[in-house]
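Asks: If you read the sequence shown in this note's numbering, its first letter stands for residue 2, the second for the next number, and so on. Glycine is no exception: its CB is placed at the ideal position from the N, C-alpha and C atoms. Starting off with a structure, shown below.
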Amino acid sequence: MYKKYDIALIGSSGFIAEALIQQFYGKKTILHIGRNKPSQCDPTDFITYDLNTDVQLTNKFQIDTVIFNAAIKGRFADNSEAWTNQGKVTAPNFRDLFARLNLDVSRLITMGSSEEYGARDNDTPIREDDPLTPLSSYGSWKVRLHAENLKWSRQFNKPAIHLRPFNIFGTGLDKNMFLGSLITTLLQNKSFPMTLGEQHRSFVPVNIVNETIHKLLTLESWDAYQRNGALNVSSHHYYRIIDVAHIICNLVKSGQLEVGKLAYRQEEVWHQNPDLTLIDKLLGQDINYDFTNEMTYLIQRLRSDF
Numbered sequence: 002m003y004k005k006y007d008i009a010l011i012g013s014s015g016f017i018a019e020a021l022i023q024q025f026y027g028k029k030t031i032l033h034i035g036r037n038k039p040s041q042c043d044p045t046d047f048i049t050y051d052l053n054t055d056v057q058l059t060n061k062f063q064i065d066t067v068i069f070n071a072a073i074k075g076r077f078a079d080n081s082e083a084w085t086n087q088g089k090v091t092a093p094n095f096r097d098l099f100a101r102l103n104l105d106v107s108r109l110i111t112m113g114s115s116e117e118y119g120a121r122d123n124d125t126p127i128r129e130d131d132p133l134t135p136l137s138s139y140g141s142w143k144v145r146l147h148a149e150n151l152k153w154s155r156q157f158n159k160p161a162i163h164l165r166p167f168n169i170f171g172t173g174l175d176k177n178m179f180l181g182s183l184i185t186t187l188l189q190n191k192s193f194p195m196t197l198g199e200q201h202r203s204f205v206p207v208n209i210v211n212e213t214i215h216k217l218l219t220l221e222s223w224d225a226y227q228r229n230g231a232l233n234v235s236s237h238h239y240y241r242i243i244d245v246a247h248i249i250c251n252l253v254k255s256g257q258l259e260v261g262k263l264a265y266r267q268e269e270v271w272h273q274n275p276d277l278t279l280i281d282k283l284l285g286q287d288i289n290y291d292f293t294n295e296m297t298y299l300i301q302r303l304r305s306d307f
């Protein structure tokens with residue numbers, strides 16, 4: 002007999018997963034699958050599972066929507082052991098994975114990345130069906146994840162959508178990434194070394210990612226909100242890195258920026274400006290927000306850690 006859940010969250014730890022769990026806690030039944038049990042999770046609703054294994058589970062589950070959030074971050078050399086492990090976790094064959102996990106799945110949402118698009122040399126908006134030219138192993142495996150999403154959908158004639166969030170921020174963000182590292186360094190009254198910061202980035206609060214998934218779960222069809230099976234998830238704030246750094250430095254009021262201390266990467270991403278036509282249509286509202294207010298709140302939360 003199958004045990005039924007509204008959502009199976011595969012990759013149930015980390016920044017995005019924690020935000021999703023808070024969004025749906027008490028509102029949807031969630032089966033959590035991953036290596037680490039989330040704090041807001043009944044032990045009976047958690048399965049310890051390592052995607053690097055081929056372990057077959059015995060219990061059976063009927064799932065309305067799988068949200069696949071598992072990934073290994075990093076940039077690894079092609080065909081290295083780390084590269085292979087990154088692929089096993091980040092871009093599995095879903096037919097095989099769901100068979101091993103004993104999941105009867107109706108719909109699939111995969112969490113991709115803006116890294117799939119690679120670099121652009123101008124700010125022309127990037128559509129979801131534009132060419133994918135990733136520069137990193139992480140981006141390349143996310144491209145493969147998209148392909149596996151499409152393959153599963155076509156094999157079983159079931160709905161699937163591949164989300165491509167841009168630069169997500171919010172409480173619990175990765176402190177090793179640019180925003181987290183910048184804020185925590187300045188809060189410690191230290192100097193933050195950076196490039197000249199002429200790169201442009203699109204920023205999105207994690208609550209917009211949550212709202213996107215929440216909206217998708219209410220719809221019977223996702224066809225109108227994707228191109229080639231994918232959907233850009235971001236906001237209309239498109240900033241130079243140096244301008245973001247100055248906004249944050251002025252809010253923190255400690256530490257200092259060492260602008261130009263670091264060289265640009267050999268293959269630098271200068272522009273990644275997403276076309277947001279479909280996400281605007283999906284949310285049915287202006288997804289703009291006050292960037293400074295959001296940063297102020299985030300800084301306050303991180304300040305409490307010191």
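Considering only C-alpha positions, which residue in the set ASP130, ASN53 and TYR26 is nearest to ASN229?
Replies: ASP130
Asks: Can you give the beta carbon distance from GLN87 to TRP142, rounded, assuming they're within the 8 Å contact cut?
Replies: 6 Å
Asks: Is it the case that the Cβ atoms of ALA161 and THR111 are separated by a distance below 9 Å?
Replies: yes
Asks: Considering only DSSP beta bridges, list what ASP46 is partnered with.
Replies: None; ASP46 has no bridge partner.
Asks: What is the rounded straight-line gap between the Cα of GLN156 and the Cα of PHE179?
Replies: 39 Å
Asks: Evaluate the contact criterion for the stretch 34 to 42 versus the stretch 82 to 99: three or more CB pairs, one atom per stretch, below 8 Å.
Replies: no
Asks: Using a C-beta cutoff of 9 Å, does TYR6 count as contacting chain D?
Replies: Chain labels in this structure do not include chain D; a single protein chain is all it has.
Asks: Just checking my contact of SER255 with LEU188 at CB under 8 Å: how many whole Å lie between their CB atoms?
Replies: 7 Å
Asks: Where do the N-terminal and C-terminal ends of the beta strand (DSSP E) with ARG202 fall, by residue?
Replies: It spans 201 to 206 - the beta strand (DSSP E) in which ARG202 sits, taken as one unbroken run.
Asks: Note the first and the last residue of the continuous alpha helix (DSSP H) segment covering HIS272.
Replies: In the DSSP annotation of this structure, HIS272 is not part of any alpha helix (DSSP H), being labelled neither H nor E.
Asks: Bridge partners of PRO39, per DSSP?
Replies: Bridge partners of PRO39: none, in fact.
Asks: Using the rule of at least 16 other Cβ atoms within 10 Å of the residue's Cβ for burial, across every protein chain shown, is MET2 buried or exposed?
Replies: exposed
Asks: For LEU218, collect the residues of the same chain with a Cβ closer than 7 Å to its Cβ; drop the 5 residues on either side in sequence, then sort them by chain order.
Replies: Once the five neighbours on either side are set aside, the close Cβ partners of LEU218 are THR66.
Asks: Relative to the C-alpha of VAL260, which candidate in ASP51, ILE243 and VAL56 has its C-alpha closest?
Replies: ILE243
Asks: With a floor of 4 residues, list each alpha helix (DSSP H) that falls wholly inside the stretch 71 to 137, ordered by position along the chain.
Replies: 82 to 91 and 95 to 102
Asks: Is GLU149 buried or exposed, if buried means 16 or more other CB atoms sit within 10 Å of its CB?
Replies: buried
Asks: Would you call VAL56 buried or exposed, if buried means 16 or more other Cβ atoms sit within 10 Å of its Cβ?
Replies: exposed
Asks: What does the Cβ neighbour count give for ARG266, buried or exposed, with the cut at 16 atoms within 10 Å?
Replies: exposed
Asks: Quick test of your reading: THR213 and LEU174, contact by CB under 8 Å. State the CB separation rounded to the nearest angstrom.
Replies: About 17 Å separates the two Cβ atoms, so there is no contact after all.
Asks: Leaving out the 5 sequence neighbours to the left and right, which residues in its chain are closer than 8 Å to PHE16 when beta-carbon positions are compared?
Replies: ILE169, GLY171, GLY173, LEU174, ASP175 and VAL207
Asks: Which stretch, first to last residue, makes up the beta strand (DSSP E) that contains LEU1?
Replies: Outside the displayed span of the chain (2 to 307) sits residue 1, for which this structure offers no information.
Asks: Hey, HIS215 and GLN24 are a contact pair by Cβ (cut 8 Å); roughly how many whole angstroms apart?
Replies: 6 Å
Asks: Name the residue from LEU151, TYR118 and LEU146 whose alpha carbon lies nearest to the alpha carbon of LEU136.
Replies: TYR118
Asks: Take HIS1 as the anchor and find which of VAL210, PHE204, LYS191 and THR297 has the nearest alpha-carbon.
Replies: Since the first residue shown for the chain is 2 and the last is 307, residue 1 is missing from the structure and cannot be characterised.
Asks: Who are the Cβ neighbours of PHE193 in its own chain at under 7 Å, not counting the five residues just before and after it?
Replies: LEU183, THR186, LEU187, GLY256, LEU258 and GLU259
Asks: Please list, in chain order, all residues of the same chain as VAL106 whose beta carbon is under 7 Å from its beta carbon, the five residues on each side excluded.
Replies: ILE64, VAL67 and PHE99
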